[in-house]
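In the numbering used here, the protein residues as written are 289 to 423. Think of the CB as a built atom: it goes at the ideal place given N, C-alpha and C, for glycine as much as any other residue. All values reported here derive from a predicted model rather than from experimental measurement. Below you'll find the structure, written out as structure tokens, and then a few comments.
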Amino acid sequence: MAFDGGVYDTPIFSPYASDTPATVFESPADGDPKPEFAAASAAVAAPAGVAPVHSVGINMDTVAQVKRAMAETSGLISLYTTLKTTYLKLCKEFNYLLQLFKENERVKMELIKENNQLRQTVAELLSRQPEPGSG
289 MAFDGGVYDT
299 PIFSPYASDT
309 PATVFESPAD
319 GDPKPEFAAA
329 SAAVAAPAGV
339 APVHSVGINM
349 DTVAQVKRAM
359 AETSGLISLY
369 TTLKTTYLKL
379 CKEFNYLLQL
389 FKENERVKME
399 LIKENNQLRQ
409 TVAELLSRQP
419 EPGSG
């Protein structure tokens, strides 16, 4: 699908039946239809004495493709919502665990300080006691 002068060469989705010309694209500059579509329109002319009837059919391939695209989009949105919800729950759980970890680290530091104080106290008591055979 090349883009030349503001007009697509081929339509992405055709709202018409596949046996009728897709659409008549007009050039934005001069307003004339593209020659390949004009020739196709002339080839589908009504028989002599019968008024031309423009029939618009449904292109089932296009409908199926749009339905597939809608289903895929819905699935992607659902997946995104699930991932977002899960991510938020994980963030909340992570913050909770981080707070527990910080609290445990605080308690650990207090226990280390208390342990060091007790060691120091034991060392002082041992240094004050007379040796067993000297007294």
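### Query
Residues in its own chain within less than 7 Å of residue 372 by CB, not counting five upstream and five downstream?
none
### Message
Quick check on the DSSP output: the alpha helix (DSSP H) that includes residue 391 runs from which residue to which?
### Response
348–416
### Query
When you compare only the Cα positions, how much space is there between residue 347 and residue 384?
56 Å
### Task
Please go through the same chain and pick out, in chain order, the residues whose beta-carbon is closer than 7 Å to the beta-carbon of residue 375, but skip the five residues on each side of it.
none
### Message
the ligand NAP and residue 358: does any heavy atom of the ligand fall closer than 6 Å to the residue's C-beta?
### Response
As far as ligands go, the structure on display features none, and thus does not contain the ligand NAP.
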